[in-house]
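The sequence shown begins at 1 in full-length UniProt numbering and counts up by one. For every residue, glycine included, the Cβ atom is placed at its ideal position computed from N, Cα and C. Just so we're clear, the structure is a prediction, and the values are computed from it rather than from any experiment. The structure under discussion appears below in the form of structure tokens.
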Amino acid sequence: MELAVVTGQRVGDLCEMKWSDIVDGYLYVEQSKTGVKIAIPTTLHVDALGISMKETLDKCKEILGGETIIASTRREPLSSGTVSRYFMRARKASGLSFEGDPPTFHELRSLSARLYEKQISDKFAQHLLGHKSDTMASQYRDDRGREWDKIEIK
């Protein structure tokens, strides 16, 4: 769950993340839904929650240690459905009550966006989540999506 908040990525993309995707201090993610390619600095942190990507990755490696960053206890990749079910179980085990529909795993992505908007900027959050602004969408890109877009912390 920490990885979802600190990276702002979709559950399917979280499940696909491999240790080999981390190169020179960046986690390279090609978003399966949009094809957007971003490189997220492993120095990224969420101040409001006191979590950092590096510490989160270190915990994942120590506890799970599979080929993928998040894995089963048998070190096998997890499906997005399995991760969502684990989230639902954790939510129920928390004993918290919710008005209306309880939060889903996908809402961690929204939380990430809101936290980064406050901490850094709305543009940073938009960039991290792979959402293009109207201006960005209208610009012609010569690379046709072949280049990685490195996320910079200001």
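Same chain, Cβ closer than 7 angstroms to residue 152, five either side skipped, listed in chain order:
Apart from sequence neighbours up to five positions away, no residue of its chain approaches residue 152 with a beta-carbon distance below 7 angstroms.
Where does residue 49 land, buried or exposed, given buried means 16+ other C-beta within 10 angstroms?
Exposed is the label assigned to residue 49, since fewer than 16 other Cβ atoms lie within 10 Å of its Cβ.
Taking DSSP's pairing of strands, which residues face residue 149 in a bridge?
According to DSSP, which records beta bridges pairwise, residue 149 is partnered with 38.
For residue 150, which residues in the same chain have their Cβ closer than 7 angstroms to its Cβ, ignoring the five residues on either side in sequence?
Taking C-beta separations shorter than 7 angstroms and ignoring five residues to either side along the sequence, the partners of residue 150 in its chain run 26, 39, following chain order.
Three-state secondary structure (DSSP) of residue 18:
In the structure shown, residue 18 sits in a strand (DSSP, three-state: E or B).
Residue range of the alpha helix (DSSP H) that residue 55 falls in?
Start and end: 53-63.
Taking all protein chains shown into account, decide if residue 79 is buried (16 or more other Cβ within 10 angstroms of its Cβ) or exposed.
With fewer than 16 other beta carbons inside 10 angstroms of its own, residue 79 counts as exposed.
Residue 2: first and last residue of the uninterrupted alpha helix (DSSP H) it sits in:
2-7 is the extent of the alpha helix (DSSP H) around residue 2.
With 16 as the cutoff for other CB atoms within 10 Å, does residue 122 come out buried or exposed?
Using a 10 angstroms sphere on the CB of residue 122, the tally of other CB atoms stays under 16, which defines it as exposed.
Quick check: what's the CA-CA separation for residue 132 versus residue 21?
Rounded to the nearest angstrom, the two C-alpha atoms are 23 angstroms apart.
Using DSSP bridges, identify the partner residues of residue 77.
Answer is 71, bridged to residue 77.
For residue 26, which residues does DSSP report across the bridge?
23, 41, per the DSSP bridge assignment.
One or two residues paired with residue 46 in a DSSP bridge:
Paired residues: 51.
In terms of alpha-carbon separation, which member of 97, 124, 7, 88 lies closest to residue 55?
Considering only alpha carbons, the answer is 7.
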